[in-house]
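Enquirer: I'd like to ask you about the structure that follows.
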Amino acid sequence: MANASATSIPSSGNNVPAERPPSGVGPVAWARKNLFSSIPNTLLTLLGLWITWKVVAGIVDWAIVRAVFTGSDGTACSAPGTGACWPFITHKLDTFIYGRYPVDERWRVNLTFLLAAIGLGGLMIPSVPRKGLFALFTFVIFPVIAFYLLTGAVWLGLPIVETERWGGLFVTLVVAIVGIVASFPIGVLLALGRRSRLPFVRWASIGFIELVRGVPLITMLFMASVMLPLFLPEGVTFDKLLRALIGVALFSGAHLAEVIRGGLQAIPRGQYEAADALGLSYPQKMSLIVLPQALKLVIPGIVNSSIALFKDTSLVLIIGLFDLLGIVQQAISSDATWFSPSTPATGYVFAGFVFWIFCFGMSRYSQWMERRLGAADKR
Amino acid sequence: MAMDRADPQTHRAVGISDALYDPRWRGIIFQILLVVAIVWFGYEIVTNAIANLKKQNIASGFDFLGRTAGFDIAQHLIDYSNTMSYARAFWVGLLNTLLVAGLGIVLATLIGFVVGIARLSSNWLIARLATVYVEVIRNIPPLLMLFAIYFAVLKGLPQPRDSIALPLASFLNVRGLTVPKPTWGDGIGLVVWSVPVALALVVALVWWARRRRIATGKQFPAVLASLALLVLLPLLAFFAAGSPVSFDVPQLGRFNIAGGVTLLPEFVALLVGLTLYTAAFIAEIVRSGIMGVPKGQKEAAAALGLSAGQSMRLVVLPQALRIIIPPLTNQYLNLTKNSSLAVAIGYPDLVSVFSGTVLNQTNQAIEVITITMAVYLVVSLTTSFAMNVFNTRMALVER
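Going line by line, the protein sequences match chains A and C. Per numbering that gives the first Met the number 0, residue 0 is the first one in the first sequence, and the count goes up by one each step. Per numbering that gives the first Met the number 0, residue 0 is the first one in the second sequence, and the count goes up by one each step.
Structure, rendered in structure tokens:
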């Protein structure tokens, strides 16, 4: 009895070396705890390993082992069992980015991208000073510059480029950025309208928000492309891209309004009352006291709705615009030089990857921002 | 407002400049301006539309619904032929939308719950795999997924004569998925009727088990028994009626497949795409719902001596569902709205049939798009209304 208890308590000073208890650190212990803690858990791990192997091996096999890396047309990729057809991407990369924008004028697109990157970077990186200047640039000066740069201005010596020639990633970014920027004021106004004391303003806002949120974006785009021309006076015509932009901005604005309303509702009543007590007018109260706090609260929601908008830009192909997906789809379906069984998959993987990078980047940024703001509030 | 009324200043005769500085008058003036603007906008739109329609010789009104459609629809759940009316085509499209949305909702919920729970798994590998699934799928446009599934996968399938044979006598080829077609025999009514009977029995059983538990404290496995009832009773009825079902099994012929029922590749692509896409969002909702239940609840359940299963079923899930259900309904609505992407791959849903073909044939854009939007609006508003009722009933009752 004494013996047994001595062996079961390792620290009893006995000379018999006690068995070392399983350590809590190290890869083996980690695996035992997180992967093989019980029989069902082990089975799950094996299932997970099998899935991982299938997926990784499948991707490597398709994208590298069986892939074609060189060639100048689809015949190189036509052999049965061919994996990815990478030359399709490398040869058409310029088209995928710029669409049919004239080659000599593409520097204008690049310059616009660069200016947008500077403006957005200045706004999005917290350590950059002079946020007010960057905001002025991004929301007021840049749109004007971008408009003349992209469409052209004869008085500046820039030839006009019709929007029919626009395409590719460039159009995706134009629709997404214009949509996000234009939907923001629409969303703020609708959200304020929905919480207004004035009954007509409130009911008009509720009606518009619910109407737009209740229908799919496609019907909004159909409306913008088919119905809008009927509503305009004779002789007034809108560019097809502009019509799509109107549809996207209204759609996104209504969705954004609900996000912003959530923020407005979260601001304690005392803030409104304090602003009233200071004698601030309604615009002052909202722009100086309420909105800055409310918008900060809903940054994750705003980014989420921007991600949704970015993905939704692909729908403009249904009304005949060539965004990134549209131009890839067009190259797949109607470019006879690159016709091969492996072309479609390659094109979609490429387009999917580009979309993924942008959306994933935005979502990571919002998570990071959320943590930062959360940390600031915790002090 | 109460302050205003107490203030004698507001009761004196109102001059123009006073009105501009009084919030009440300013509100009224602002609203009048808004109403005038909306009315003017509406008037402009209507007069322009009338002028444009007249100039382009487009008829107006809803008479076109009664005219012969003259086009075929590849998939119709109700009887349809091209000699029937546009109104009939509308119903065919609507039913196709509801079919793909209904099936998609069921499948996406199943996959979403599995993935959402897997993300919280204590198994590191499983949790990581679920995370990868969610992060990849959520950040890709659904339209791109549809294209990839439709053009890259399904259009790459072999011709009918080289069909891929699947279990259960199904065949997969470039023309779609052919599965055995059930034909119902005479006694099928018995089976159909056994379902409501089983449901009534389940309600009675749950009620009885609850009363007994409150009276005596004895547990009765009501969930298991209910499931058994729901499965066994129709099954029993099925065999009692002499198995009144026969299958039209597809046969692989020389060039084509005979018999069976073929699901269009467009339908398969849309269903798979919508399901996978929405499942990723549902998984996130489920995860945050379960994580939103305070840890103390689980600990309290453990302290009361409930088993892990009981604590999940009786304590955690009911509270998690309160968080999960509102955004879940939102996702169901999103899936239904996203089913309009069908138009891009040619599945004959409401938008594709009505806003596509019918609009092209009749040119009556205003009427056609209004009807289409109204359908989605009705679905959305009814669901939100039901959701609000549910929310007020489920809302946490604070002390």
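For each residue, glycine too, the CB sits at the ideal point set by N, CA and C.
Over the uninterrupted beta strand (DSSP E) stretch that includes proline 181 of chain C, give me the two end residues.
Expert: 180-183
Enquirer: Proline 220 of chain C versus chain A: which residues are under 7 Å apart at the beta carbon?
Expert: Result: empty, since nearest Cβ-Cβ is about 22 Å, beyond 7 Å.
Enquirer: For glycine 103 of chain C, which three-state DSSP category applies?
Expert: In this structure, glycine 103 of chain C counts as helix in the three-state DSSP scheme.
Enquirer: Measure the C-alpha to C-alpha separation of valine 353 of chain A and valine 230 of chain C and round it to an integer number of angstroms.
Expert: 48 Å
Enquirer: Please state whether DSSP places serine 115 of chain C in a helix, a strand or coil.
Expert: Inspection of the sequence shows that residue 115 of chain C is occupied by glycine rather than by serine. Residue state, collapsed to three classes: helix.
Enquirer: With distances taken Cα to Cα, identify the nearest neighbour of asparagine 95 of chain C among C:Val196, C:Ala279 and C:Pro347.
Expert: Nearest C-alpha to asparagine 95 of chain C: C:Pro347.
Enquirer: Counting beta carbon pairs with one atom in the stretch 153-166 of chain A and one in the stretch 214-226 of chain A, are three or more of them shorter than 8 Å?
Expert: no
Enquirer: Classify phenylalanine 266 of chain C as buried or exposed, calling it buried when 16 or more other Cβ atoms lie within 10 Å of its own Cβ.
Expert: buried
Enquirer: Quick one: Cα of asparagine 329 of chain C to Cα of aspartate 103 of chain A, how far?
Expert: 47 Å
Enquirer: Would DSSP call valine 67 of chain A helix, strand or coil?
Expert: strand
Enquirer: Given that a residue counts as buried once 16 or more other Cβ atoms are within 10 Å of its Cβ, and exposed if not, what is asparagine 337 of chain C?
Expert: buried
Enquirer: Taking only heavy atoms of the ligand FMN into account, decide whether any of them is closer than 7 Å to the Cβ of phenylalanine 141 of chain A.
Expert: This structure lacks the ligand FMN; in fact it carries no ligand of any kind.
Enquirer: Going by DSSP in three states, asparagine 40 of chain A sits in which element: helix, strand or coil?
Expert: Asparagine 40 of chain A: helix per DSSP, three-state reduction.
Enquirer: When you compare each of C:Leu189, C:Ala319, C:Val352 and C:Val173 to leucine 234 of chain C by their alpha carbons, which one comes out closest?
Expert: C:Leu189
Enquirer: Closer than 7 Å, Cβ to any Cβ of chain A: which residues of the stretch 360-393 of chain C, in chain order?
Expert: Ala364, Ile365, Ile368, Thr371, Met372, Tyr375, Leu376, Ser379 and Leu380
Enquirer: Between C:Val178, C:Thr82 and C:Asn51, which lies nearest to glutamine 363 of chain C when the distance is taken from Cα to Cα?
Expert: Considering only C:Val178, C:Thr82 and C:Asn51, the residue with the shortest C-alpha distance to glutamine 363 of chain C is C:Asn51.
Enquirer: Could you list which residues in chain C have their beta carbon closer than 7 Å to that of valine 258 of chain A, in chain order?
Expert: Within 7 Å Cβ-Cβ: nothing; valine 258 of chain A doesn't reach chain C, min ~13 Å.
Enquirer: Name, please, each residue of chain C whose Cβ falls closer than 8 Å to the Cβ of cysteine 358 of chain A.
Expert: Below the 8 Å Cβ cutoff, chain C contributes Arg137, Asn138 and Ile139 as neighbours of cysteine 358 of chain A, in chain order.
Enquirer: If you scan the stretch 128-188 of chain C from start to end, which runs of the beta strand (DSSP E) of 3 or more residues do you find wholly inside it?
Expert: 163-165, 169-172, 175-178 and 180-183
Enquirer: Would you mind listing the beta strand (DSSP E) stretches within the stretch 179-260 of chain C that are 3+ residues and don't spill past its ends, in chain order?
Expert: As far as the stretch 179-260 of chain C is concerned, its whole beta strand (DSSP E) runs of at least 3 residues are 180-183 and 244-247.
Enquirer: Does the beta carbon of glycine 373 of chain A come closer than 8 Å to any beta carbon on chain C?
Expert: Closer than 8 Å: no.
Enquirer: To the nearest angstrom, how far is it from the Cα of isoleucine 104 of chain C to the Cα of methionine 372 of chain C?
Expert: 21 Å
Enquirer: Looking at C-beta atoms only, is the number of pairs between the stretch 157-165 of chain C and the stretch 356-364 of chain A that lie closer than 8 Å three or more?
Expert: Using a C-beta cut-off of 8 Å, the stretch 157-165 of chain C makes no contact with the stretch 356-364 of chain A, since fewer than three inter-stretch Cβ pairs fall below that distance.
Enquirer: Straight-line CA distance for leucine 380 of chain A to phenylalanine 199 of chain A?
Expert: In the structure as shown, chain A starts at 0 and stops at 378, and residue 380 of chain A therefore has no counterpart that could be examined.
Enquirer: Quick check: the Cα distance between valine 177 of chain A and alanine 343 of chain C, rounded to an integer number of angstroms?
Expert: Cα atoms of valine 177 of chain A and alanine 343 of chain C: separation of roughly 24 Å, rounded to the nearest angstrom.
Enquirer: Between the C-alpha atoms of serine 253 of chain A and isoleucine 139 of chain C, what's the straight-line distance to the nearest angstrom?
Expert: Position check: residue 253 of chain A holds alanine in this sequence, whereas serine was assumed. Cα-Cα distance, rounded: 22 Å.
Enquirer: Can you check whether the C-beta of serine 287 of chain C is within less than 8 Å of a C-beta belonging to chain A?
Expert: no
Enquirer: In three-state DSSP terms, what is threonine 236 of chain A?
Expert: coil
Enquirer: Under 8 Å: do the stretch 276-283 of chain C and the stretch 100-116 of chain C share three or more Cβ pairs, one atom per stretch?
Expert: Yes: the two stretches touch, three or more of their Cβ pairs being nearer than 8 Å.
Enquirer: Report yes or no: is there a C-beta of chain A within less than 8 Å of the C-beta of lysine 53 of chain C?
Expert: no
Enquirer: Tell me aspartate 322 of chain A's beta-bridge partners as DSSP assigns them.
Expert: According to DSSP, aspartate 322 of chain A bridges with A:Gly167.
Enquirer: Taking tyrosine 347 of chain A as the query, report the chain C residues whose CB atoms sit under 7 Å from its CB, ordered along the chain.
Expert: Leu143, Phe146, Ala147 and Ala151
Enquirer: Please classify glycine 98 of chain A: does DSSP put it in a helix, a strand, or coil?
Expert: In this structure, glycine 98 of chain A counts as strand in the three-state DSSP scheme.
Enquirer: Please confirm if the stretch 317-327 of chain A is in contact with the stretch 284-294 of chain A, defined as three or more CB-CB distances below 8 Å between the two stretches.
Expert: No, because fewer than three Cβ pairs between the stretch 317-327 of chain A and the stretch 284-294 of chain A fall closer than 8 Å, the two stretches do not touch.
Enquirer: Let me see if you follow: with CB-CB separation under 8 Å, is glutamate 272 of chain A close to chain C or not?
Expert: By this cut-off, glutamate 272 of chain A is not an interface position.
Enquirer: Taking only the alpha-carbon atoms, compute the straight-line gap between valine 377 of chain C and valine 45 of chain C and give it to the nearest angstrom.
Expert: 24 Å
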